[in-house]
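Peer 1: What the sequence shown shows, in our numbering, is residues 12 to 892, in sequence order.
Note that beta-carbon positions come from the ideal geometry of N, C-alpha and C, so glycine has one too.
Questions regarding the structure given below will be posed in turn.
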Amino acid sequence: MSTRKHSTIYRKDYQVPDFLINELHLDFILSDKDCVVHAKTVFQKNPDSQVTSGDLFLHGQGLELLNIAVDGVELSSDNYQLTNDGVILPGMSDTFILDLSTRIYPDKNTELEGLYRSSGNFCTQCEAEGFRKITYYLDRPDVMARFTTRIEASKTSCPVLLSNGNLVEEGDLEEGRHFVIWEDPFPKPSYLFALVAGDLVSLNDSFETMSGREIDLKIFVEKRNRNKCGHAMTSLKKSMQWDEEKFGLEYDLDMYMIVAVDDFNMGAMENKGLNVFNSKYVLASKETATDQDYLGIEGVIGHEYFHNWTGNRVTCRDWFQLSLKEGLTVFRDQEFSSDMNSRAIQRIEDVRVLRNFQFREDAGPMAHPVRPDSFVEINNFYTVTIYNKGAEVIRMMHTLLGAENFRKGMDLYFKRHDGQAVTCDDFVSAIADASGVDLEQFKLWHSQSGTPELQIEEHWNSNSGEYRLEIAQTCPSTPGQLQENKKAFHIPLCFGLLDSAGKDMNPGKDVLHFRSERESYSFENLPEKPVLSLLRGFSAPVKIMPWQDREQLAFLMANDSDPFNRWDAAFRLSEAVILEITKSLQNGESPTLDPLFVAAVKRILTDQRSDKSLLGMALILPEENYLAQQMTVIDPDNLHEGRKFVRQELCRVLHGEFRQIWEENCDQGEYKLTPESMGKRRLKNVCLSYLLAGNAPDQTDVELALRQYYDGQNMTDIIAVLAAISNCEIPERLELLEHFYEKWKDDVLVMDKWLTLQATSSLPGTLASVQELMKHPAFSITNPNKVRSLIGAFGSNHVCFHRDNGEGYCFLAEQILALDSRNPQIASRLTTPFSTWKRYDGARQVLMKKQLQRIADKKGLSGDVSEMVRRSLHVCFFPNS
Ligand code: B3K
Ligand code: ZN
């Protein structure tokens, strides 16, 4: 466990490194008991540094130092000073070679950062600061060096030895051992280093680049998984093609390798030429993976591939600039997925993530700017704000400039900065210079945290035919930033005006540049009062305070030419209806469902023309976690009952329609991943979930569900039944769960789904079954996917986690404490459901605070968890409290 002090690091304190590194020669001697690392580093004084002392500090954590020599002369222990987080070498000359030997213990590495073992295979994870757990080094992204890596290991346990770049030598050694040497010609920061050694097989293919180079593509997995890599390989080739076509960006090494491992802290890692992936984002077959899994794989493969230019060739100067590579690369992967599948559905999915998770983060104690000003543990800042809001910031620039100018900006960015470590400001400058668009005010999106809120007022003058729109913006206080000190954002507002027949009136311009606190826009000579379709395509990550009435929303649902806004109108209408019903439950009244809403849903169900995926999406009600954020004081029980009431009522009134659509879309024939096929499955399965919406559904519907389960030819249809039935108190629920377990118990990824299904059930016994499952052979506390699937999923189960007896809170706190010393990154992620504690009623606040305090009080708590709980306890801005 690390003994580092938990100190805060500030962006304003950035200084250039005192030394630079030209070359690094690494030699890994791997054995079953340990790994000895030799590092030969060529240092050179940085001409840009003002510091003249010659003192050199190298990061290092948990290393056993065996030997240290400068220019061939071994140093005695009084020539250097070991500290908690590194080594100080005083008075170094301007150029010198450092030889280091250290010993590390990959088997004991439970944090899964640095060099560790997963299912017996060695692999590394260095971003952000894991390289310092391998050797002493200038472990910061603005130090870029050429790496040569020699690996030696047993031929039997590690027949495959991989690192970044090109394989330049390999050979046999004595005692059944062998070695390889990899050379990476591209200078890179240490966070992009990777090593993999193990018993793996590969699926091989190739890609011819636009300049005619042939690239070898290899996906390495454990032998039993080799037949599940086809989709990942296809996705990789599509990504390479797309980046050439869209951005003119070509791959630069002769080989591109992907390795799938089961134990991984996040999704995947873009190490140069050697991506390491969570096996969840590589392995798929129609029997084991859902449509969502297939799309996830395509998106993550694309994401890591796109990092080769946005992240690797041009990297971050420091970790405050993380969104420079992550926001931009998420934008690129979203665009890729839109082009490969359905643009409208992709946008809806991305906005759901933003609203459910990023808006919540922005409204709580962890709110931070896209370019943060400080952090304690950088691993806590791989957030939805850095990634997803960061992508929205890029998307807004794209909207403001148009596709052509945006491309010019990207070209200039690469031309200026290829091979450099740069800042978010450098990116904006390239975009502004290439397009001539002034982005000075726009930069506030990088520095101001919080979700802007827009107030809309409409004025119609029927005599003159003038329609006037008044828009005001505010941004609530967030940690370290008071509302009154925030400046107006530059917000691109895409919009349309609809006539009473539902046609666009086409006002001539469709993007408003909203840049002051309040602005007024006039449209003249209109023949009738228009219906406003605002924020088309979700053109900015803002909240618009409800201003349209239900008739208008229903009208937009049926008529808007922008498919995103058609969906959004359904979303906003459902939100209003559920919140109203929740309120009547709170008041002890018996609720009734607004007939206007029922009619709007019926129109969706009888719509024969629209895209089925979109119709399916429009039928999914906003999640409880999202709706909760819209309440002044969150009341989990009534909210849950309110949402359930709406689902049950719709099922009761529109039962025939749900049945009919299910039947119409039931027979799919061959499993295809086209948007049409996925759309049919989505629509059918949403209808199925309505049919089983009650605690005790109609027996004929249960039978229909059982038929879909037992006849199911693909995981999408099978999981849909389990998900729908998991909230029903009927014997078939357990029957199916047991059947599913028996069938899939040997497939770890399918078992993750099985755990999640049980952890997300809204039935009252859920916590008890989660506690039982902790002891089940399908669970393992050492595997991050299992922890996320069971404990993480329970934390997101709004009604069960927030049971008023506080048992859910106590359970989660215990798990966080147990995981903290083993894997602080994973423990830290689990704290999220506690972060909004001040938004709940007094009794729940007391219960949650008690658990946060209990965690905070633990001696030797990791910096990761400590930063999260301390912020939750001590930050006082909760905008709605
Ligand atoms: N860059 C990595 C994330 C690293 C997380 C370190 N805690 C994956 C990605 O965003 O592509
Ligand atoms: Zn990334």
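(1) Counting along the chain, where does the beta strand (DSSP E) carrying residue 500 start and finish?
(2) Measuring CA to CA, which of 41, 99, 108 and 104 is closest to residue 33?
(3) Does DSSP put residue 385 in a helix, a strand or coil?
(4) Hey, is residue 277 close to ligand 1, as in C-beta under 6 Å from one of its heavy atoms?
(5) Just the C-alpha distance for residue 137 and residue 287, rounded to the nearest angstrom, thanks.
(6) If you drop the 5 nearest sequence neighbours on each side, which residues of the same chain put their C-beta closer than 6 Å to that of residue 132?
(7) Taking just the CA atoms, how far does residue 631 sit from residue 764?
(8) Using C-beta distances below 6 Å, list every residue in its chain close to residue 74, excluding the 5 sequence neighbours before and after it, in chain order.
(9) If you run the structure through DSSP and keep just helix, strand and coil, what is residue 526?
(10) Pick from 125, 92 and 20: whose alpha carbon is nearest that of residue 72?
(11) Which two residues bound the contiguous alpha helix (DSSP H) that contains residue 36?
(12) Going by DSSP, what residue range makes up the beta strand (DSSP E) through residue 266?
(13) Within 10 angstroms of its Cβ, does residue 806 collect 16 or more other Cβ (buried), or is it exposed?
(14) Per DSSP, what kind of secondary structure is residue 62 in: helix, strand or coil?
(15) Any residue with its Cβ nearer than 5 Å to a heavy atom of ligand 2 should be included. What is that list in chain order?
(16) Can you give me the Cβ contacts of residue 333 inside the same chain, cut-off strictly under 7 Å, excluding the 5 residues immediately before and after it?
(17) Enumerate in chain order the residues of its own chain whose CB-to-CB distance from residue 573 is below 7 Å, with the five nearest sequence positions on each side excluded.
(18) Are residue 878 and residue 387 closer than 7 Å when you measure CB to CB?
(19) Let me check you understand the geometry: is the CB of residue 785 closer than 6 Å to at least one non-hydrogen atom of ligand 1?
(20) Does the beta-carbon of residue 788 have 16 or more other beta-carbons within 10 angstroms, so that it is buried, or is it exposed?
(21) Could you please give the first and the last residue of the uninterrupted alpha helix (DSSP H) stretch that includes residue 248?
(22) In the DSSP assignment, the alpha helix (DSSP H) including residue 314 goes from what residue to what residue?
(23) How about residue 154 and residue 58: do their beta carbons lie closer than 7 Å?
(24) Following the continuous beta strand (DSSP E) through residue 11, name the residue where it begins and the one where it ends.
(25) Taking residue 853 as the reference, which of 791, 162, 757 and 815 has the closest Cα?
(26) Is it the case that the CB of residue 390 approaches a heavy atom of ligand 1 more closely than 6 Å?
(27) Regarding residue 122 and ligand 3, is the C-beta to nearest heavy atom distance less than 6 Å?
(28) On the three-state DSSP scale, how would you describe residue 56?
(29) Got a sec? Which residues, its chain only, sit under 6 Å from residue 21 by beta carbon, not counting five neighbours each side?
(30) Short check: CB of residue 204 to CB of residue 142, under 7 Å?
(31) Where do the ends of the alpha helix (DSSP H) carrying residue 812 lie?
(32) Looking at residue 280 and ligand 1, is the gap between the Cβ and the nearest heavy atom below 6 Å?
(33) Find out if the Cβ-Cβ distance for the pair residue 251, residue 214 is shorter than 7 Å.
(34) Determine the DSSP secondary structure at residue 620, reduced to helix, strand or coil.
(35) Please state whether the Cβ-Cβ distance between residue 584 and residue 564 is less than 7 Å.
(36) Buried or exposed: residue 644, going by 16 or more other Cβ atoms within 10 Å of its Cβ?
Peer 2: Looking at the atomic coordinates:
(1) Per DSSP, residue 500 belongs to no beta strand (DSSP E) and is neither H nor E.
(2) 108
(3) Residue 385 falls in the strand class under three-state DSSP.
(4) yes
(5) Spanning the alpha carbons of residue 137 and residue 287 requires a straight line of approximately 11 Å.
(6) 209
(7) 20 Å
(8) 113
(9) coil
(10) 125
(11) Not the alpha helix (DSSP H): residue 36 falls in the beta strand (DSSP E), residues 30-41.
(12) 266-272
(13) buried
(14) coil
(15) 337 and 340
(16) The beta carbon of residue 333 sits closer than 7 Å to the beta carbons of 327, 392 and 397 from its chain, once the five residues preceding and following it are set aside; these are given in chain order.
(17) 507, 544, 547 and 548
(18) yes
(19) no
(20) exposed
(21) 241-258
(22) 302-317
(23) no
(24) The first residue shown for the chain is 12 and the last is 892, placing residue 11 beyond what the model contains.
(25) 815
(26) The answer is yes for residue 390.
(27) Ligand 3 is absent from the structure shown, which contains only ligand 1 and ligand 2.
(28) strand
(29) Contacts found: 385.
(30) yes
(31) Segment 809-812, the alpha helix (DSSP H) holding residue 812.
(32) yes
(33) The Cβ atoms of residue 251 and residue 214 do not sit closer than 7 Å to each other.
(34) Coil.
(35) yes
(36) exposed
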